[in-house]
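Position one of the sequence shown corresponds to residue 1 (UniProt numbering), numbered consecutively onward.
We put the CB at the ideal spot given by N, CA and C, even for glycine.
What follows is one structure encoded as structure tokens, with my remarks underneath.
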Amino acid sequence: MLQAEPADTNMMEQNIEQTVGIFQKWQHQMMDWITDPSTWEWLLIKSIRIVLIILISRIGIKVLFRMIDRTINKKGRGNLALNPRRLLTIVKLLKNVTSLTLNFTMIMFILMEFNVNLAPLLAGAGVVTFAIGFGSQSLVKDVMTGFFIIFEDQFAVGDVVKVGQFQGTVEMIGLRSTRIRSWTGEIHIIPNGSITDVTNYSISNSLAVVDVVIAADEDVDAAVQRMENILAALPVREPNVIRQPQVLGIQTMTRTETTIRIIAECKPFTQAQVSRLINLEVRKSQHQKEEDTAVIENFEGKGFSTNGT
């Protein structure tokens, strides 16, 4: 059997002794640091300062949020009143920028409490270095596109839009992305830089178009008059209807049926709701006509005898 050389054995023992010595020295230093009252005093002071930094930043964010709300509300009530949709979008954007800036500042102050050298970090926070550091010309593109979307008023929070294959209500326009909620509840987050073609359904009023089918032998004039009468009060009862629906007349005809077209100007993107409402009102009028006709036919079918019975 091979036996270890005495020199190798001595070297191994020396290495073990050095390792144990380093560990014991580190252990003694840690115990001295933990048992030193100045250590706990330092931790207490740092903790208090960090808590104060966080509290001040939170209070600062709330104060600035209130200032933004008051300023925007004054603009909205002023002589040069802005579009409420645009005001809401600008408010959310300003709050996002404010929150981002103050949170970044808070982190910088906390790092300073731990004696972190911020000079290299701040030196690399220039516009060019910042963009390159995040890789992204796309980041700059997203931010710039977001500003143009807002200040050109292409769409705003609350608008119903179609962006590419996504359609829904705009929930948030941020510095980098836009959030859209579809009518079935899905949330689509789209980078602003990828928004090229936008269809906005909320800028101008919509038009509800309803085609009503009646029998070919039915009196068209009477049907049109009945529809006009039943729909005359619709704008009063339904806030989404801008003005009284118009019965345009015959749209198509066949041997068995006639189609009459009705249009109604309504608030943006409410045409589906208004169309269903018009269909319901017309169906009610048709049902009432059928009941009246049945009563008349029943009355005429009974007839009268000569003795009055």
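* Cα separation between residue 213 and residue 270? -> In a straight line, the C-alpha of residue 213 is about 23 Å away from that of residue 270.
* Asked: Is there contact here, the region 157-167 with the region 187-204, by at least three beta-carbon pairs under 8 Å?
  -> Counting Cβ pairs under 8 Å, three or more are found: they touch.
* Asked: Rounded to a whole number of angstroms, what is the C-alpha to C-alpha distance between residue 245 and residue 233?
  -> Their Cα atoms are separated by approximately 10 Å.
* To do: Pick helix, strand or coil for residue 116, following the three-state DSSP scheme.
  => Three-state DSSP puts residue 116 in coil, outside helix and strand.
* Would you call the region 250-262 and the region 204-223 in contact, with 3 or more CB pairs under 8 Å? -> Touching, per the Cβ criterion.
* To do: In the DSSP assignment, find the alpha helix (DSSP H) that holds residue 191 and state where it starts and stops.
  => Run containing residue 191: none in the alpha helix (DSSP H); it sits in the beta strand (DSSP E), 187-191.
* Asked: Nearest-angstrom Cα distance between residue 306 and residue 241?
  -> Because the pLDDT at residue 306 is just 42, under 50, the model does not fix this residue reliably, and the point stays unresolved.
* Asked: In the structure shown, what three-state DSSP assignment does residue 219 receive?
  -> Looking at residue 219 - three-state DSSP - the assignment turns out to be coil, as it is neither helix nor strand.
* **Cβ pair residue 100, residue 175 closer than 9 Å** => Between residue 100 and residue 175, the C-beta spacing is below 9 Å.
* **Simplified DSSP state of residue 154, which is helix, strand or coil** => In this structure, residue 154 counts as coil in the three-state DSSP scheme.
* Asked: Considering only the beta carbon of each residue, do residue 220 and residue 231 sit closer than 9 Å?
  -> Pairing residue 220 with residue 231 gives a Cβ-Cβ distance that is not under 9 Å.
* **Proximity below 9 Å, CB of residue 88 to CB of residue 157** => Taking 9 Å as the Cβ cut-off, residue 88 and residue 157 qualify as a contacting pair.
* How about residue 247: is its C-beta nearer than 9 Å to some C-beta of chain C? -> Given the protein chain composition of this structure (a single chain), no chain C is represented.
* Note down the Cα distance separating residue 24 from residue 115, rounded to an integer number of angstroms. => Each residue's alpha carbon lies about 28 Å from the other.
* Could you have a look at residue 238 and say whether DSSP puts it in helix, strand or coil? => Correct three-state label for residue 238: coil.
* Asked: From residue 182 to residue 172, what distance separates their C-alpha atoms?
  -> Between residue 182 and residue 172, the C-alpha separation is close to 13 Å.
* Could you check which residue in 218, 96, 54 has the C-alpha nearest to that of residue 111? => Minimum Cα distance to residue 111 is reached at 54.
* Own chain residues within Cβ distance below 8 Å of residue 46, not counting five before or after -> Cβ neighbours of residue 46 within its own chain (closer than 8 Å, five residues either side excluded): 113, 114.
* Roughly how many angstroms lie between the CA atoms of residue 35 and residue 67, to the nearest whole one? -> So the alpha carbons of these two residues sit roughly 48 Å apart.
* Asked: Which residues in the same chain as residue 109 place their Cβ atom closer than 7 Å to its Cβ, once the five residues preceding and following it in sequence are excluded?
  -> Around residue 109, the same chain offers 53 as residues with beta carbons nearer than 7 Å, after the five sequence neighbours per side are excluded.
* Is it right to say residue 19 is buried, meaning 16 or more other beta carbons lie within 10 angstroms of its own, or is it exposed? -> That one is exposed.
* Asked: Which residue's Cα is closest to the Cα of residue 278: 226, 149, 142, 41?
  -> Of the candidates 226, 149, 142, 41, the one whose C-alpha sits nearest the C-alpha of residue 278 is 226.
* **Beta-carbon gap between residue 206 and residue 141 smaller than 9 Å** => Between residue 206 and residue 141, the C-beta gap is not smaller than 9 Å, which leaves the two residues out of contact.
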